[in-house]
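Asker:
Residue numbers (this note's numbering), protein chains in the order written: chain C, 57 to 196; chain S, 57 to 196; chain D, 57 to 196; chain L, 57 to 196.
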């Protein structure tokens with residue numbers, strides 16, 4: 057099993073249309089194309105959809121060491137509304153400790169403008185995940 | 057149009073299976089039944105799904121005054137994993153100013169245990185929404 | 057040694073004039089009288105002073121079990137400016153796990169109005185603190 | 057009056073020993089030397105002191121446009137404990153709107169290691185501040 061296969065078991069992210077593009081050591085990139093099903097009553101991409109995109113990138117980056125990491129808290133800032141095109145989430149782990157992880161995720165639109173920023177804290181369990189830890193080089 | 061009809065225009069919350077139960081003045085309650093589509097790779101309800109549930113309750117409570125309120129930042133703490141049954145989100149506005157709103161949302165399971173807590177800050181625009189402001193008493 | 061003595065070793069909180077009023081099991085109350093030294097350039101109590109007050113209440117509540125708990129992340133919402141009188145911080149632990157703690161702190165003025173809310177996540181180390189765990193009843 | 061003089065009116069930051077090093081357009085850098093008065097009961101720099109350092113850098117960056125900006129919410133992540141030497145806070149504004157600002161602050165030690173990260177959201181009032189807006193180039 058690869059980390060990509062493991063994370064594709066996330067049915068909610070799948071339903072939201074989130075695609076994992078790249079996973080490295082403490083790093084990940086994902087994207088989501090805004091479709092009618094992502095829009096809120098105001099006609100713009102719903103906050104929960106953007107959170108789901110960011111959260112999958114966070115999960116990929118923080119689980120890249122193959123040690124199960126659970127989100128304990130996260131915060132998200134919304135900067136501008138988007139109603140079409142792709143959104144990208146790039147996650148970079150800032151803290152990588154035995155039991156704790158902190159990871160920043162920047163969400164951009166197709167023009168590279170910041171749409172939102174996300175910061176998450178993860179708690180590492182003892183459990184090893186069923187794939188090899190990702191080495192330095194981002195993969196696939 | 058009622059606030060319920062306005063918020064049911066949120067297609068992402070709809071796809072996630074979030075149902076609005078009650079809206080009052082600066083107050084709202086929503087629920088979501090955990091289904092296979094909500095589960096992540098670990099078999100528990102995905103964080104983005106819980107965020108979406110909380111965010112709809114937040115949107116209902118903060119827009120209950122019929123003045124358009126956009127989320128600018130929110131944070132969520134996850135306390136325990138759930139894999140079945142209903143989750144409930146109860147939102148209470150703590151701050152209600154002309155341009156700013158702050159609202160706390162508590163997410164519980166069927167046993168009443170806290171699953172997560174959410175805090176959101178909203179920015180009020182001048183735009184009036186196409187329904188009457190909700191009076192003190194929670195409705196429907 | 058008592059938990060009060062332990063926490064009075066916090067020289068920064070002491071310099072800020074924070075006084076611990078009460079500690080219970082997962083509970084604490086502290087206060088701080090706003091003085092000229094707490095004011096910012098705008099003549100109101102500085103955010104860092106309010107954070108310090110909230111943080112001491114958080115530290116007392118989360119360390120009340122006599123197991124060393126370190127803050128890993130916290131967020132604070134500011135609702136209204138204050139320039140005189142006492143501020144009170146009441147901390148209630150929401151999550152109390154072997155390795156994790158979450159605690160909400162409400163900061164009020166003398167009229168009981170909410171001035172700020174604070175939410176903190178703590179990580180519990182194995183180390184026992186040199187005092188007895190606080191039983192259910194708030195003390196001193 | 058300069059922005060430096062304006063911010064030096066912050067008596068709490070002054071008491072905490074925070075020094076403003078540089079202010080640019082949406083940018084600021086500050087430092088604080090850890091002294092015995094900053095230490096908590098565990099002998100390390102107290103979270104409130106680090107918050108105060110970060111908050112002054114935030115205030116300088118977000119008020120650099122000479123339009124009064126108040127903090128409405130902020131979050132801080134603590135990565136490692138420090139007990140001596142200088143701490144540095146570097147603030148960069150990410151969002152600069154008419155009424156809203158978002159600013160990231162990175163706190164490092166003398167070795168350049170990340171000690172904490174801070175993210176704050178500010179609300180801009182109509183009031184102009186009594187100094188000229190800072191142009192692109194960081195100053196003093």
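Glycine is no exception: its CB is placed at the ideal position from the N, C-alpha and C atoms.
Nearest-angstrom Cα distance between residue 79(C) and residue 131(C)?
Answerer: The residue you call residue 79(C) lines up with position 23 of the first chain. The residue you call residue 131(C) lines up with position 75 of the first chain. Residue 79(C) and residue 131(C): Cα-Cα distance of roughly 22 Å.
Asker: Rounded to whole angstroms, what is the Cα-Cα separation between residue 71(S) and residue 181(S)?
Answerer: Reading the second chain from its first residue, position 15 is the one you call residue 71(S). Reading the second chain from its first residue, position 125 is the one you call residue 181(S). Approximately 27 Å, taken between the alpha carbons.
Asker: Which chain L residues sit within Cβ distance under 9 Å of residue 94(D)?
Answerer: As a first step, residue 94(D) must be located in the third chain, where it is residue number 38. 67, 68 and 71, listed in chain order.
Asker: Measure the C-alpha to C-alpha separation of residue 62(C) and residue 136(S) and round it to an integer number of angstroms.
Answerer: For the purposes of this step, residue 62(C) is taken as the residue at position 6 of the first chain. For the purposes of this step, residue 136(S) is taken as the residue at position 80 of the second chain. The alpha-carbon atoms of residue 62(C) and residue 136(S) are separated by roughly 21 Å.
Asker: Could you check what DSSP says for residue 103(S) in three-state terms: helix, strand or coil?
Answerer: Residue numbering aside, residue 103(S) sits at position 47 when the second chain is read from its first letter. Reduced to three states, the DSSP call for residue 103(S) is helix.
Asker: Mind checking if residue 63(L) is an interface residue toward chain S, Cβ cutoff 8 Å exclusive?
Answerer: For the purposes of this step, residue 63(L) is identified with residue 7 of the fourth chain, where counting begins at 1. By this cut-off, residue 63(L) is not an interface position.
Asker: List, in order along the chain, the chain D residues whose C-beta lies closer than 8 Å to that of residue 135(S)?
Answerer: Within the second chain, numbered from 1, the residue matching residue 135(S) stands at position 79. What residue 135(S) touches in chain D: 150, 151 and 158.
Asker: Quick one: any contact between the stretch 146-155 of chain L and the stretch 107-118 of chain L, if contact means 3 or more CB pairs under 8 Å?
Answerer: Yes, since at least three Cβ pairs between the stretch 146-155 of chain L and the stretch 107-118 of chain L fall closer than 8 Å, the two stretches touch.
Asker: Please classify residue 85(D): is it buried, with 16 or more other beta-carbons within 10 angstroms of its beta-carbon, or exposed?
Answerer: The sequence position of residue 85(D) within the third chain is 29, counting from 1. By the 10 Å Cβ count, residue 85(D) comes out buried.
Asker: Here's a check: name, in chain order, each residue in its chain whose Cβ is nearer than 7 Å to the Cβ of residue 90(C), leaving out the five neighbours to either side.
Answerer: By 1-based counting over the first chain, the position of residue 90(C) is 34. The answer, listed in chain order, is 101, 138, 139, 140, 141 and 143.
Asker: If residue 77(S) and residue 109(S) are in contact, beta carbons under 8 Å, what's the gap, nearest whole angstrom?
Answerer: In the second chain, counting from the first residue as 1, residue 77(S) sits at position 21. In the second chain, counting from the first residue as 1, residue 109(S) sits at position 53. Incorrect: roughly 11 Å between the Cβ atoms, too far for contact.
Asker: Okay, do the stretch 153-162 of chain C and the stretch 173-191 of chain C touch, 3+ Cβ pairs below 8 Å being the bar?
Answerer: Output reads yes: the stretch 173-191 of chain C touches the stretch 153-162 of chain C.
Asker: Compute the distance between the beta-carbons of residue 122(D) and residue 188(D), then report whether it is under 8 Å.
Answerer: By one-based count along the third chain, residue 122(D) stands at place 66. By one-based count along the third chain, residue 188(D) stands at place 132. Yes, the pair counts as a contact, with Cβ atoms nearer than the cut-off.
Asker: Strictly below 7 Å CB to CB, what residues from chain L border residue 170(C)?
Answerer: Here residue 170(C) is taken as the residue at index 114 of the first chain, counted from 1. Those within 7 Å of residue 170(C) in chain L are 150.
Asker: Indicate the three-state DSSP secondary structure (helix, strand or coil) for residue 154(L) in the structure shown.
Answerer: As a first step, residue 154(L) is located in the fourth chain; it is residue number 98 there, counting from the start. Reduced to three states, the DSSP call for residue 154(L) is coil.
Asker: Using DSSP with H/G/I as helix, E/B as strand and the rest coil, what is residue 124(C)?
Answerer: In the first chain, residue 124(C) corresponds to position 68, counting from 1. Looking at residue 124(C) - three-state DSSP - the assignment turns out to be strand.
Asker: Decide if residue 103(S) is buried, meaning its Cβ has at least 16 other Cβ atoms within 10 Å, or exposed.
Answerer: On the second chain, position 47 is the one that residue 103(S) refers to. Classification of residue 103(S): buried, given that the 10 Å Cβ count is 16 or more.
Asker: In terms of residues, what are the limits of the alpha helix (DSSP H) holding residue 68(D)?
Answerer: Taking the third chain and counting its residues from 1, the one referred to as residue 68(D) is at position 12. Run containing residue 68(D): 67-71, per the alpha helix (DSSP H) assignment.
Asker: Can you give the Cα-Cα distance for residue 184(S) and residue 152(L), rounded to whole angstroms?
Answerer: Here residue 184(S) is taken as the residue at index 128 of the second chain, counted from 1. Here residue 152(L) is taken as the residue at index 96 of the fourth chain, counted from 1. In a straight line, the C-alpha of residue 184(S) is about 25 Å away from that of residue 152(L).
Asker: Based on Cα-Cα distance, which residue from 154(C), 99(C) and 133(C) lies nearest to residue 163(C)?
Answerer: Along the first chain, read from residue 1 onward, the residue named residue 163(C) stands at position 107. Residue 163(C) has its Cα closest to that of 133(C), out of 154(C), 99(C) and 133(C).
Asker: Using a Cβ-Cβ cutoff of less than 7 Å, which residues in the same chain neighbour residue 165(D) once the five nearest sequence positions on both sides are dropped?
Answerer: For this step, residue 165(D) is matched to residue 109 along the third chain. 138, 141, 143 and 171.
Asker: Given a threshold of 16 other Cβ atoms within 10 Å of its Cβ, counted over all protein chains shown, does residue 168(L) qualify as buried or as exposed?
Answerer: To locate residue 168(L), count along the fourth chain from 1; it is residue 112. With fewer than 16 other Cβ atoms within 10 Å, it is exposed.
Asker: Could you check how far apart the C-beta atoms of residue 129(C) and residue 127(D) are, in whole angstroms? I think they sit under 8 Å.
Answerer: Reading the first chain from its first residue, position 73 is the one you call residue 129(C). Reading the third chain from its first residue, position 71 is the one you call residue 127(D). Residue 129(C) to residue 127(D), Cβ: 12 Å. No contact.
Asker: Using DSSP with H/G/I as helix, E/B as strand and the rest coil, what is residue 62(L)?
Answerer: What you label residue 62(L) is simply residue 6 of the fourth chain in a count that begins at 1. Helix.
Asker: At a CB distance below 7 Å, what residues from the stretch 119-143 of chain S approach chain C? Give them in sequence order.
Answerer: Correct list: 127, 128, 129, 130, 131, 132, 133 and 134.
Asker: Can you list, in chain order, the residues of its chain whose CB lies under 8 Å from that of residue 99(L), leaving out five sequence neighbours each side?
Answerer: For the purposes of this step, residue 99(L) is taken as residue 43 along the fourth chain, with counting starting at 1. Hits under 8 Å: 139.
Asker: Cβ of residue 164(S) less than 8 Å from any chain D Cβ?
Answerer: Stepping through the second chain from its first residue, residue 164(S) is reached at position 108. No - not a single Cβ of chain D is within 8 Å of the one on residue 164(S).
Asker: Roughly how many angstroms separate the alpha carbons of residue 154(L) and residue 118(L), rounded to a whole number?
Answerer: On the fourth chain, position 98 is the one that residue 154(L) refers to. On the fourth chain, position 62 is the one that residue 118(L) refers to. Distance between the alpha carbons of residue 154(L) and residue 118(L): 12 Å.
Asker: If the cut is a Cβ gap below 7 Å, which residues of chain C does residue 105(S) touch?
Answerer: Here the question's residue 105(S) lines up with position 49 in the second chain. Simply 68.
Asker: Which residue comes first and which comes last in the beta strand (DSSP E) that contains residue 54(L)?
Answerer: The question about residue 54(L) has no answer here: the residues shown for chain L are numbered 57 through 196.
Asker: Just the Cα atoms here: how many angstroms apart are residue 92(S) and residue 94(C)?
Answerer: Here residue 92(S) refers to the residue found at position 36 of the second chain. Here residue 94(C) refers to the residue found at position 38 of the first chain. Distance between the alpha carbons of residue 92(S) and residue 94(C): 19 Å.
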